[in-house]
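As structure tokens, this is what we get:
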């Protein structure tokens, strides 16, 4: 009996050894999925005092130069995290929003990775090692490219039908129940079993904030001009954060288009030469 066990163990060891370099008995050999292929979103901050009228709408010269529609879409948004910002500390953001022309709520779960020294491939490889690869069609990969830095993000957006009109949001508890109900597996079990569920269960809303989005066409690109009225650092009033952005799937053309938009804004003295931390600012101030 002992001799049979030794033979069996030896055979199993041989199978494992063979499997590391070749297929055994015709079994398919697993191969790692390729890195995700991201789209790009270029974002710049604009000087609110130079691009906005006193009522917060874009000035006529801004509308003309950027090819914007004069009518805005209103969007109401809030973020969910623990008081200690446990989700944010792990690179996760959970967002709940309602657009004025839609009959659904948008629930978005986003994981972010910093791009160090412009090395997009390194960020994609790290994300791949943590489960975000080309084969995962539940998440949209995107490089957010600002004034001085890039961030890789993976977003999973779910929609829940509603009869609510305009930008009306549900109560905080109702929104949280929807977010928990649609919670994707990657976040749910991020660092340990049910970690994400526990974090989200203990979360509260940061917001809500109603912002205006003006859409247009610039240089053949769909462009957006957003005005975010956010609580100021002192908590005594509101300050506008203005963001100009466009999206493209063209990894070759994006750099040239970004340079053109940057120069256009800089030439008009609209550009704030800094990166925006909009979500982070909201988490800190609300």
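Residue numbers (this note's numbering): 160 to 445.
We treat Cβ as the ideally placed atom computed from N, Cα and C, and that holds for glycine.
Helix, strand or coil for residue 198? Go by DSSP, reduced to three states. strand
Using alpha carbons as the reference points, say which of 365, 308, 353, 307 lies closest to residue 332. 365
Between the CA atoms of residue 208 and residue 216 - distance to the nearest angstrom: 11 Å
Three-state secondary structure assigned by DSSP to residue 184: Low confidence applies to residue 184: its pLDDT is 38, below 50, so where it sits in the model is not reliable, and the reading given next is rough at best. Coil, per DSSP.
Take residue 341 and list the residues in its own chain whose beta-carbon comes closer than 6 Å to its own, dropping the five residues that flank it on each side. 266, 317
Other residues of its chain near residue 270: CB distance less than 6 Å, five sequence neighbours each side excluded: 250, 251, 313
Taking buried to mean at least 16 other C-beta atoms within 10 Å of its own C-beta, is residue 197 buried or exposed? buried
Would you call residue 195 buried or exposed, if buried means 16 or more other Cβ atoms sit within 10 Å of its Cβ? buried
Other residues of its chain near residue 428: CB distance less than 7 Å, five sequence neighbours each side excluded: 209
Does residue 275 pass the burial test, meaning 16 or more other C-beta atoms within 10 Å, or should it be called exposed? exposed
Tell me which residues share the same chain as residue 393 and place their Cβ nearer than 6 Å to its Cβ, disregarding the 5 neighbours each side in the sequence. none
Out of 272, 315, 388, 338, which one is the CA nearest neighbour of residue 239? 338
Please return the same chain residues whose Cβ sits closer than 7 Å to the Cβ of residue 293, not counting the five positions on each side in sequence. 192, 193, 194, 195, 196
Figure out for me which residue from 353, 262, 231 has the closest Cα to the Cα of residue 382. 231
Report, in whole angstroms, the separation of the C-beta atoms of residue 421 and residue 203, which I expect to be a contact under 8 Å. 6 Å
Looking at C-alpha atoms only, which residue of 273, 357, 310, 306 is the closest neighbour of residue 246? 357
Locate the beta strand (DSSP E) running through residue 315, then write down its first and last residues. 309-320
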